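One structure below.
Protein chains: 4
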Amino acid sequence: MRALALNGTLKPSPDTSNTEALTNVVLDALRERSVECELIRLADLQIAPGVVSEAVRPGDQWPEIHAKALAADIVIFATPTWFGQPSSEIKRALERLDGMLSETDDDGVPEAYNKVAGFVVTGNEDGAHHCISQMAAAAYDIGFTVPGQAWTYWNKGPGPGEEEYLSSQDVEWTNTTARAAAQNLHTVARALAITPLTAPPS
Amino acid sequence: MRALALNGTLKPSPDTSNTEALTNVVLDALRERSVECELIRLADLQIAPGVVSEAVRPGDQWPEIHAKALAADIVIFATPTWFGQPSSEIKRALERLDGMLSETDDDGVPEAYNKVAGFVVTGNEDGAHHCISQMAAAAYDIGFTVPGQAWTYWNKGPGPGEEEYLSSQDVEWTNTTARAAAQNLHTVARALAITPLTAPPS
Amino acid sequence: MRALALNGTLKPSPDTSNTEALTNVVLDALRERSVECELIRLADLQIAPGVVSEAVRPGDQWPEIHAKALAADIVIFATPTWFGQPSSEIKRALERLDGMLSETDDDGVPEAYNKVAGFVVTGNEDGAHHCISQMAAAAYDIGFTVPGQAWTYWNKGPGPGEEEYLSSQDVEWTNTTARAAAQNLHTVARALAITPLTAPPS
Amino acid sequence: MRALALNGTLKPSPDTSNTEALTNVVLDALRERSVECELIRLADLQIAPGVVSEAVRPGDQWPEIHAKALAADIVIFATPTWFGQPSSEIKRALERLDGMLSETDDDGVPEAYNKVAGFVVTGNEDGAHHCISQMAAAAYDIGFTVPGQAWTYWNKGPGPGEEEYLSSQDVEWTNTTARAAAQNLHTVARALAITPLTAPPS
Numbered sequence: 182m183r184a185l186a187l188n189g190t191l192k193p194s195p196d197t198s199n200t201e202a203l204t205n206v207v208l209d210a211l212r213e214r215s216v217e218c219e220l221i222r223l224a225d226l227q228i229a230p231g232v233v234s235e236a237v238r239p240g241d242q243w244p245e246i247h248a249k250a251l252a253a254d255i256v257i258f259a260t261p262t263w264f265g266q267p268s269s270e271i272k273r274a275l276e277r278l279d280g281m282l283s284e285t286d287d288d289g290v291p292e293a294y295n296k297v298a299g300f301v302v303t304g305n306e307d308g309a310h311h312c313i314s315q316m317a318a319a320a321y322d323i324g325f326t327v328p329g330q331a332w333t334y335w336n337k338g339p340g341p342g343e344e345e346y347l348s349s350q351d352v353e354w355t356n357t358t359a360r361a362a363a364q365n366l367h368t369v370a371r372a373l374a375i376t377p378l379t380a381p382p383s
Numbered sequence: 182m183r184a185l186a187l188n189g190t191l192k193p194s195p196d197t198s199n200t201e202a203l204t205n206v207v208l209d210a211l212r213e214r215s216v217e218c219e220l221i222r223l224a225d226l227q228i229a230p231g232v233v234s235e236a237v238r239p240g241d242q243w244p245e246i247h248a249k250a251l252a253a254d255i256v257i258f259a260t261p262t263w264f265g266q267p268s269s270e271i272k273r274a275l276e277r278l279d280g281m282l283s284e285t286d287d288d289g290v291p292e293a294y295n296k297v298a299g300f301v302v303t304g305n306e307d308g309a310h311h312c313i314s315q316m317a318a319a320a321y322d323i324g325f326t327v328p329g330q331a332w333t334y335w336n337k338g339p340g341p342g343e344e345e346y347l348s349s350q351d352v353e354w355t356n357t358t359a360r361a362a363a364q365n366l367h368t369v370a371r372a373l374a375i376t377p378l379t380a381p382p383s
Numbered sequence: 182m183r184a185l186a187l188n189g190t191l192k193p194s195p196d197t198s199n200t201e202a203l204t205n206v207v208l209d210a211l212r213e214r215s216v217e218c219e220l221i222r223l224a225d226l227q228i229a230p231g232v233v234s235e236a237v238r239p240g241d242q243w244p245e246i247h248a249k250a251l252a253a254d255i256v257i258f259a260t261p262t263w264f265g266q267p268s269s270e271i272k273r274a275l276e277r278l279d280g281m282l283s284e285t286d287d288d289g290v291p292e293a294y295n296k297v298a299g300f301v302v303t304g305n306e307d308g309a310h311h312c313i314s315q316m317a318a319a320a321y322d323i324g325f326t327v328p329g330q331a332w333t334y335w336n337k338g339p340g341p342g343e344e345e346y347l348s349s350q351d352v353e354w355t356n357t358t359a360r361a362a363a364q365n366l367h368t369v370a371r372a373l374a375i376t377p378l379t380a381p382p383s
Numbered sequence: 182m183r184a185l186a187l188n189g190t191l192k193p194s195p196d197t198s199n200t201e202a203l204t205n206v207v208l209d210a211l212r213e214r215s216v217e218c219e220l221i222r223l224a225d226l227q228i229a230p231g232v233v234s235e236a237v238r239p240g241d242q243w244p245e246i247h248a249k250a251l252a253a254d255i256v257i258f259a260t261p262t263w264f265g266q267p268s269s270e271i272k273r274a275l276e277r278l279d280g281m282l283s284e285t286d287d288d289g290v291p292e293a294y295n296k297v298a299g300f301v302v303t304g305n306e307d308g309a310h311h312c313i314s315q316m317a318a319a320a321y322d323i324g325f326t327v328p329g330q331a332w333t334y335w336n337k338g339p340g341p342g343e344e345e346y347l348s349s350q351d352v353e354w355t356n357t358t359a360r361a362a363a364q365n366l367h368t369v370a371r372a373l374a375i376t377p378l379t380a381p382p383s
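Protein chains in written order, with the working numbering: chain A, 182 to 383; chain B, 182 to 383; chain C, 182 to 383; chain D, 182 to 383.
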């Protein structure tokens with residue numbers, strides 16, 4: 182079983198990403214279940230704006246990510262929080278995944294069916310539930326199944342500020358929730374492998 | 182297998198509900214798969230505001246709905262659209278379902294795990310995607326799994342107006358999508374019955 | 182100048198409402214500017230579901246609130262947070278305000294034009310920005326103007342829990358923001374009194 | 182008086198942009214009121230991801246837009262609809278505007294205060310209300326005032342499809358609403374010029 186995590190931080194490597202740190206808690210719990218995991222930081226790649234799977238201009242690196250998404254059973258969408266909303270980086274990736282809507286296997290089953298989606302959010306301010314709802318909405322539109330409680334988040338209390346996941350002592354709930362998310366993603370991915378969704382009725 | 186549909190129209194019976202009409206397209210497709218279906222119009226009942234499963238005042242009828250939700254494998258949340266948002270009736274039901282968050286079976290599995298949630302929206306104006314995202318967010322928070330493409334909707338084009346699902350000729354996409362939603366809800370409910378989610382790690 | 186605050190807590194009086202406590206910080210700052218203020222706890226009244234200003238059944242108390250909203254220059258929408266979303270109580274009030282959409286004065290100016298809307302959110306968990314965005318969206322749809330930074334909120338850090346605004350030591354940012362919201366509401370209400378919106382072009 | 186419109190289409194020039202066409206209806210109505218208007222297609226520029234006003238890497242063209250936003254009295258945010266959500270292009274611009282949060286004039290008044298924000302959405306599917314709510318939420322967070330009914334949109338009926346604003350016969354409501362938005366933006370911008378917001382209380 183394979184998992185692909187897309188980190189939508191606005192900061193390219195090697196800057197520290199709190200979102201990446203929390204995503205790795207989920208991925209570590211998946212690795213304990215023998216899931217092969219890969220994490221991509223979107224800001225490190227050249228991804229053109231668009232809504233198709235193919236390259237839309239020279240140098241567009243979306244096709245590499247598209248191939249990895251096709252091969253994955255579990256896709257994790259991770260974002261920082263700005264104005265209580267997901268980042269433009271993760272939005273761009275979701276827009277490109279729109280191309281999957283019309284891609285089916287030889288039996289007419291949409292490519293995203295029988296994949297599951299999970300969600301990770303960090304922020305210095307309120308907004309995690311909404312970020313999850315936005316990423317999830319795109320995911321189940323494309324055909325991903327969203328397992329119950331397949332997300333985790335960290336933020337601080339009211340108002341903006343400097344505090345961050347990596348420097349906080351207050352991460353126990355967040356990390357426990359991350360491990361529960363990993364378990365639920367793994368179980369539902371297995372459930373769909375055993376009892377798969379079929380082509381939609383016409 | 183059992184399905185429970187909650188219709189959040191603001192209009193009590195016997196007023197015509199477009200939301201109910203479209204919900205019945207999903208339920209009919211579930212019945213073809215031998216699912217036992219029940220539809221409740223929330224505006225016909227006395228449901229007190231609150232976030233617990235027990236009655237919060239004399240005459241509060243939520244406990245009846247709670248019992249039916251516990252017995253269901255598939256729960257469908259249906260709403261009209263006001264200001265592009267779900268109705269206060271379906272919101273009230275989702276708030277009461279919050280009580281399920283802390284309810285587990287004898288093995289410590291949350292009661293909503295291994296149930297799936299689907300969504301139906303009608304409106305005379307734009308807003309269906311957002312209504313779905315709001316209802317879905319509450320559902321997967323409680324522990325319901327949201328299958329890929331487990332929703333349908335109908336609205337008219339730009340601006341408010343009189344046109345409605347029941348009187349429209351333009352319902353083919355909406356009804357086909359409703360039948361696909363039913364198939365996906367049924368398949369994922371079966372998948373979880375065969376390969377169930379277990380208690381979250383502590 | 183008059184302000185009306187609608188508190189969408191799910192708890193009837195005399196239960197303590199954190200949302201009410203924070204709303205009063207905004208109202209106190211308005212009173213310092215000689216604004217006459219009234220706060221209504223929606224859960225204390227019988228408000229029928231619907232989208233019109235008139236009573237929809239015997240005992241429906243919406244018309245009283247509608248009259249007060251018509252007389253107000255500033256309307257504050259206040260809600261607790263459930264699943265990161267506004268409560269069914271405040272949603273119901275916003276649905277009823279929909280009736281204002283078609284009400285105009287003798288010059289054809291929609292009744293909500295030249296009124297301003299502000300927002301207050303409390304919660305034991307993340308969701309304030311989204312609650313504000315939902316209430317604001319309904320308000321500017323109806324015709325209210327939303328001044329910059331005309332909101333405040335309080336919640337705790339990650340995960341659900343018991344901590345509440347009234348018992349927290351961490352309220353300085355929240356209360357300062359509340360006073361700024363009051364100032365901005367007051368200034369923009371005055372600006373619109375001096376330079377009012379006129380009837381929309383046909 | 183000056184207006185700046187930011188078009189968040191994913192398509193670079195010279196591709197046809199429905200969003201641009203509808204935005205121009207608003208701008209034309211502003212020009213009739215002697216407002217000097219400029220429209221920028223974000224996809225034509227190199228805008229680096231980030232949350233500051235200054236260039237974050239060589240070639241980053243955000244500072245040019247930032248300067249124009251500072252000079253504008255009216256800013257219009259325009260987006261196509263993908264999955265019922267605003268585009269990554271307009272999201273990126275809003276993230277960069279976050280830098281304005283900490284910028285004040287010599288009197289301590291935040292730079293966005295006394296500017297107004299309007300919204301334009303086009304789509305081949307449902308989602309306009311939600312797109313408006315997302316862009317507006319960022320705008321009033323930064324300090325822009327959002328006048329009542331300062332938006333317009335166009336989409337088609339249920340389901341995705343090819344139909345677009347420019348090729349539709351069904352644009353009357355959309356264009357009338359666009360002209361009303363222009364009037365409301367202009368009036369509230371004038372109201373704030375005459376009765377401006379002042380520095381927030383500390």
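Yeah, the Cβ is synthetic: ideal placement off N, Cα and C, and Gly gets one too.
Just so you know, these numbers come straight off a predicted model, no measurement behind them.
- Membership of A248(C) in the alpha helix (DSSP H) is indicated by the continuous run W243 to A252.
- In this structure, the beta-carbon distance from E276(D) to V232(D) falls below 8 Å.
- Counting along the chain, Y321(A) sits inside the alpha helix (DSSP H) bounded by residues A309 to I323.
- Apart from the 5 residues on each side of it in sequence, D279(B) sits with its Cβ closer than 6 Å to the Cβ of V232 in its chain, given in chain order.
- With distances taken between CA atoms, T190(A) lies nearest to A224(A) out of A224(A), L211(A), T368(A) and V216(A).
- Relative to the Cα of L373(B), the nearest Cα in the group C312(B), F325(B) and S349(B) belongs to F325(B).
- Between A184(D) and A318(C), the CB-CB gap reaches or exceeds 8 Å.
- R183(B) is bridged by DSSP to E217(B).
- One thing to note: E306(A) has its Cβ no nearer than 8 Å to the Cβ of S234(A).
- At a beta-carbon threshold of 8 Å, the residues of chain C lying near E270(B) are P230 and S269, ordered along the chain.
- Between L366(D) and V290(D), the CB-CB gap reaches or exceeds 8 Å.
- Annotated as proximal: G308(C) and G265(C), with beta-carbon spacing under 8 Å.
- S269(D) and T368(A) have their alpha carbons spaced roughly 32 Å apart.
- A direct Cα-to-Cα measurement between V256(B) and V297(A) gives close to 20 Å.
- The beta carbon of A359(C) does not come within 8 Å of any beta carbon belonging to chain A, so the residue lies off that interface.
- Chain C has a Cβ within less than 8 Å of the Cβ of N365(D).
- From the listed residues N188(B), R238(B), S198(B) and P193(B), the smallest Cα separation to E345(B) is found for S198(B).
- When rounded, the separation of the alpha-carbon atoms in K192(A) and Y321(B) is 30 Å.
- Shown in chain order are the members of the segment 296-314 of chain A whose Cβ falls below 7 Å from a Cβ of chain C: D307, G308, A309, H310 and H311.
- The C-beta of R371(C) comes closer than 8 Å to at least one C-beta of chain D.
- In terms of Cβ geometry, P341(C) and C312(C) do not form a close pair [threshold 8 Å].
- Runs of the beta strand (DSSP E) lying entirely within the segment 257-307 of chain B, each at least 3 residues long, are 297-303 in chain order.
- For A210(B), same chain residues with a beta-carbon under 6 Å away, outside a window of 5 residues either side, are R360 and A363 in chain order.
- Taking 8 Å as the cut-off, the beta carbon of W263(A) is found no closer than this to the beta carbon of F300(A).
- The residue from L203(D), P244(D), E245(D) and A186(D) with its alpha-carbon nearest to that of V352(D) is L203(D).
- P341(B) does not reach chain A, its nearest Cβ partner there being about 23 Å away, counting only Cβ pairs nearer than 7 Å.
- About 7 Å separates the CB atoms of Y334(C) and T303(C); that is less than 8 Å, so the two are in contact.
- In the three-state DSSP reduction, N356(C) falls in the helix class (H, G or I).
- Following the DSSP letters along the chain, one finds T333(B) inside the beta strand (DSSP E) bounded by residues W332 to W335.
- Using beta-carbon distances, F264(B) counts as an interface residue toward chain D, with a partner under 8 Å.
- For the set L187(B), Q242(B) and S383(B), the Cα lying nearest the Cα of C218(B) is the one of L187(B).
- Contact between I228(C) and A274(C) holds: their C-beta atoms lie close to 7 Å from each other, under 8 Å.
- In this structure, the alpha-carbon of S314(A) lies about 30 Å from that of L226(D).
- For P230(B), the closest alpha carbon among the candidates E245(C), F258(C), K272(C) and L251(C) is that of K272(C).
- With contacts defined by Cβ atoms closer than 8 Å, G240(D) and K337(B) do not form a contacting pair.
- Against chain C, the CB of Y321(A) has no partner CB under 8 Å away; the residue lies outside that interface.
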